[in-house]
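As structure tokens, the structure follows; a few thoughts come after it.
Number of protein chains: 2
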Amino acid sequence: MTTQDQRFAIEGYRTQGGVTLDLQLAYQVHGELNDARDNLVVLPTYYSGRSSDNAYWIGSDQALDPAKYCIVIPNLFCNGASSSPSNTPPPFAASAFPHMTYLDNVSCQWRMVQAVFEVETVHAVIGFSMGAMQAYQWAAHLPDVVQRFVAVCGSARTSEHNKLFLDAVCGALRADAAWNGGDYDEPPTRGLEAFSVSYAAWFASQQFYSEHMYRAVGAPDVATFLAGAKMGFMSHDANDLLGMAATWRAGDLGASPQYDGDFEKAMGAIKARGLIMPCDTDLYFRVRHNEREVALLADAELAPIRSDFGHLAGGGMDPEALAFMTTKVRALLAS
Amino acid sequence: MTTQDQRFAIEGYRTQGGVTLDLQLAYQVHGELNDARDNLVVLPTYYSGRSSDNAYWIGSDQALDPAKYCIVIPNLFCNGASSSPSNTPPPFAASAFPHMTYLDNVSCQWRMVQAVFEVETVHAVIGFSMGAMQAYQWAAHLPDVVQRFVAVCGSARTSEHNKLFLDAVCGALRADAAWNGGDYDEPPTRGLEAFSVSYAAWFASQQFYSEHMYRAVGAPDVATFLAGAKMGFMSHDANDLLGMAATWRAGDLGASPQYDGDFEKAMGAIKARGLIMPCDTDLYFRVRHNEREVALLADAELAPIRSDFGHLAGGGMDPEALAFMTTKVRALLAS
Numbered sequence: 001m002t003t004q005d006q007r008f009a010i011e012g013y014r015t016q017g018g019v020t021l022d023l024q025l026a027y028q029v030h031g032e033l034n035d036a037r038d039n040l041v042v043l044p045t046y047y048s049g050r051s052s053d054n055a056y057w058i059g060s061d062q063a064l065d066p067a068k069y070c071i072v073i074p075n076l077f078c079n080g081a082s083s084s085p086s087n088t089p090p091p092f093a094a095s096a097f098p099h100m101t102y103l104d105n106v107s108c109q110w111r112m113v114q115a116v117f118e119v120e121t122v123h124a125v126i127g128f129s130m131g132a133m134q135a136y137q138w139a140a141h142l143p144d145v146v147q148r149f150v151a152v153c154g155s156a157r158t159s160e161h162n163k164l165f166l167d168a169v170c171g172a173l174r175a176d177a178a179w180n181g182g183d184y185d186e187p188p189t190r191g192l193e194a195f196s197v198s199y200a201a202w203f204a205s206q207q208f209y210s211e212h213m214y215r216a217v218g219a220p221d222v223a224t225f226l227a228g229a230k231m232g233f234m235s236h237d238a239n240d241l242l243g244m245a246a247t248w249r250a251g252d253l254g255a256s257p258q259y260d261g262d263f264e265k266a267m268g269a270i271k272a273r274g275l276i277m278p279c280d281t282d283l284y285f286r287v288r289h290n291e292r293e294v295a296l297l298a299d300a301e302l303a304p305i306r307s308d309f310g311h312l313a314g315g316g317m318d319p320e321a322l323a324f325m326t327t328k329v330r331a332l333l334a335s
Numbered sequence: 336m337t338t339q340d341q342r343f344a345i346e347g348y349r350t351q352g353g354v355t356l357d358l359q360l361a362y363q364v365h366g367e368l369n370d371a372r373d374n375l376v377v378l379p380t381y382y383s384g385r386s387s388d389n390a391y392w393i394g395s396d397q398a399l400d401p402a403k404y405c406i407v408i409p410n411l412f413c414n415g416a417s418s419s420p421s422n423t424p425p426p427f428a429a430s431a432f433p434h435m436t437y438l439d440n441v442s443c444q445w446r447m448v449q450a451v452f453e454v455e456t457v458h459a460v461i462g463f464s465m466g467a468m469q470a471y472q473w474a475a476h477l478p479d480v481v482q483r484f485v486a487v488c489g490s491a492r493t494s495e496h497n498k499l500f501l502d503a504v505c506g507a508l509r510a511d512a513a514w515n516g517g518d519y520d521e522p523p524t525r526g527l528e529a530f531s532v533s534y535a536a537w538f539a540s541q542q543f544y545s546e547h548m549y550r551a552v553g554a555p556d557v558a559t560f561l562a563g564a565k566m567g568f569m570s571h572d573a574n575d576l577l578g579m580a581a582t583w584r585a586g587d588l589g590a591s592p593q594y595d596g597d598f599e600k601a602m603g604a605i606k607a608r609g610l611i612m613p614c615d616t617d618l619y620f621r622v623r624h625n626e627r628e629v630a631l632l633a634d635a636e637l638a639p640i641r642s643d644f645g646h647l648a649g650g651g652m653d654p655e656a657l658a659f660m661t662t663k664v665r666a667l668l669a670s
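Chains as they are written, first to last, in my numbering: chain A, 1 to 335; chain B, 336 to 670.
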């Protein structure tokens, strides 16, 4: 997708953690708003993803036809496109960049959507991984705005194991003394490499590696596949990677002023029709976890994806999984 | 168990990799050899385990009654008790300690068993994790000696994903510049901590953490549980941890001169009756992997353990899993 990101400025934003700063939200638009202003779909980015990485959702044969929907892709804070440790001037540069929550992201995205599109409702919010967690956050934060949401390989609250996974991969980065608490001139390369390998062991299933399924995506051997993964992660700044991980780690629909720590209340407040699609071999977002969440939702379908790609299945890497997602999402959007 | 380790010296051992050095094999004995000399059970140690950590197998109510069996527990090379980077004098100290394979371990264990016990057969070789892989190696290396073997949460060959898991946890250690290629005066503490957290995310199942099952083993919260895991790993020298991981990573029954790279031939050569017990939530030794291995064995039973403890289930942490293991192993030993 060749569309360039556009930028929306938010001056004097006060984060959930109480820091006030100027922010830039980078976003991409595909398709056009219709006259009824009721065809807007928000498609937030995933961990380490950029707006263009969401291309697999969009197309006349994909889940989201830009001839039918106006699709806006907001970039996560800390992804290097929206405001991030790496691109923010002092006094909020690098390690001084504040912690951003999902609520911070969604609040700013909603401001942008209102200002740019002047809509009162959103047809759907759809996302994969951290994108799924933003979709959940939209639905809980704006129950009267969001009409449908899709959470692929994500959750409404970060599980204890998922936190440990994040601590493990981030710990590998921080083990490099060159990281220096986030105050570095040169990238902490050794730590970034350790981070990438550690992450890669989790983001696909065991059988993806053990049964050489990386060959199906064009890598002749595991070293080539891992080199690609390293290149992807290492195209990001270290503090940016840690910033996105901190957003993820703190994910909890209950943890907003609106719900005051009451997770069940937040889940119960969601009015949107939900489509929850875990992958059955995902190593950190588990079907069992989603099952319990769906039980708290008023109107949601659990539709697990059968794939041996693990978490990556939700990222469009498995054609069969993607076809299943396309069918399910189209049906939801038409409902 | 209060029994002290005994030591067996092997002078001028030539490793599979072609390095000649003097080695010490530390081992523990429980029970006595009977007059027929047919009640010897070998019980090798697991990754980061020491002989005393195998206590959960031994007792009148456990799988191995010392009133009935003579149980010998050899310590893995690199575990800090047998010859290891940390306890070997120059020129083989620290990073100069040679790579030890499972075949090296088993060859030395067999020399010790012959010298100390003067047996021609071994009633059974039993192990968990790297202990399971040694049991497999005994059965393939000495088909006419080993009569039964039990592999709990282990495999005959290290899977591609398992290798990546090892690269991930070891990479976290090596990301600490204080590790310095193995040439350090002070322990690379930051790397060892990152290693421990990364390992802990894998060695129990997702639900063990997310459903707070660590409470069942006496840890009130995840931080306390992780502190225990860190203490265990960090009681080992960094080079020792990497040395054991290298043994594990190279695990492959086919990779011995006897079988010349032919894994199927090695598996087909095993005469011992096998009992293969993966845990259904183990994140690195997978049931599916064992299923394929069992199909190559002449006489083996696959008996998966149902537990939410993940890999740790095979380490005796889950009482129900341990009871199941006890029943199955006793039946095999009596057959």
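The beta-carbon is built from N, C-alpha and C at its ideal position, and this holds for glycine as well. All of these numbers come straight from a predicted model, not from anything done at the bench.
Limits of the alpha helix (DSSP H) - the one that residue i falls within
i	result
Val125 of chain A	Per DSSP, Val125 of chain A belongs to no alpha helix (DSSP H); it is in the beta strand (DSSP E), Ala124 to Phe128.
Glu211 of chain A	Segment: none, Glu211 of chain A is in no alpha helix (DSSP H) and carries neither H nor E.
Phe117 of chain A	Tyr102 to Phe117
Arg623 of chain B	Val622 to Val629
Ala429 of chain B	From DSSP, Ala429 of chain B is part of no alpha helix (DSSP H); its letter is neither H nor E.
CA nearest to the CA of residue i, picked from the options
i	options	result
Ser417 of chain B	B:Asp502, B:Ala638 and B:Ala344	B:Ala344
Met100 of chain A	A:Val119, A:Phe77 and A:Val113	A:Phe77
Ser545 of chain B	A:Gly181, A:Val222 and A:Arg157	A:Arg157
Thr121 of chain A	A:Tyr69, A:Asn39 and A:Pro188	A:Asn39
Thr355 of chain B	B:Phe427, B:Met602, B:Ser421 and B:Trp583	B:Phe427
Val454 of chain B	B:Arg483, B:Ala371 and B:Phe530	B:Ala371
Tyr136 of chain A	A:Pro74, A:Ala266, A:Gly17 and A:Ala67	A:Ala266
His496 of chain B	B:Ala633, B:Leu618 and B:Ala648	B:Leu618
Arg306 of chain A	A:Leu33, A:Tyr56, A:Glu320 and A:Leu166	A:Glu320
Phe324 of chain A	A:Val294, A:Arg292 and A:Pro278	A:Pro278
Leu508 of chain B	B:Lys498, B:Ala648 and B:Phe530	B:Phe530
Leu360 of chain B	B:Asn369, B:Asp340 and B:Gly353	B:Asp340
Beta carbon of residue i nearer than 9 Å to that of residue j
i	j	result
Gln134 of chain A	Tyr102 of chain A	yes
Phe644 of chain B	Thr661 of chain B	no
Pro304 of chain A	Val287 of chain A	yes
Ala510 of chain B	Gly191 of chain A	yes
Pro74 of chain A	Thr45 of chain A	yes
Simplified DSSP assignment, three categories, for residue i
i	result
Leu164 of chain A	helix
Met569 of chain B	helix
Thr524 of chain B	helix
Glu32 of chain A	coil
Tyr671 of chain B	Because chain B is modelled from 336 through 670, residue 671 of chain B falls outside the range shown and cannot be assessed.
Arg641 of chain B	coil
Thr559 of chain B	helix
Gln6 of chain A	strand
Gln359 of chain B	strand
Phe203 of chain A	helix
Ala300 of chain A	strand
Asp388 of chain B	helix
Pro675 of chain B	The first residue shown for chain B is 336 and the last is 670, placing residue 675 of chain B beyond what the model contains.
Val145 of chain A	coil
Cys170 of chain A	helix
Ala585 of chain B	coil
Residues near residue i in its chain [Cβ-Cβ closer than 6 Å; skip 5 each side]
i	result
Trp138 of chain A	Val106, Val125 and Val146
Val72 of chain A	Tyr27, Val29 and Val42
Ser591 of chain B	Leu438
Ser490 of chain B	Phe620 and His624
Thr3 of chain A	Gln28
Arg483 of chain B	Ala459, Ala607, Arg608 and Leu667
Ala151 of chain A	Ala132, Ala135, Tyr136 and Ile276
Glu628 of chain B	Ala491
8 Å CB neighbourhood of residue i in its chain, flanking five on each side removed
i	result
Ala250 of chain A	His99, Thr101, Tyr102 and Thr158
Asp572 of chain B	Gly415, Ser419, Pro420, Ser421 and Pro522
Nonlocal neighbours in the same chain, by C-beta distance under 7 Å from residue i, ignoring five residues either side
i	result
Ala200 of chain A	Leu226 and Ala229
Ala223 of chain A	none
Tyr47 of chain A	Ser129, Met130, Met244 and Trp248
Gly567 of chain B	Ser383
Terminal residues of the beta strand (DSSP E) in which residue i lies
i	result
Leu612 of chain B	Looking at the sequence shown, residue 612 of chain B is not Leu but Met. Looking at the DSSP string, the run of the beta strand (DSSP E) that includes Met612 of chain B is Arg608 to Met612.
Tyr420 of chain B	Going by the sequence as given, residue 420 of chain B is Pro instead of Tyr. No beta strand (DSSP E) holds Pro420 of chain B; DSSP gives it neither H nor E.
Pro74 of chain A	Cys70 to Pro74
Val42 of chain A	Leu40 to Val42
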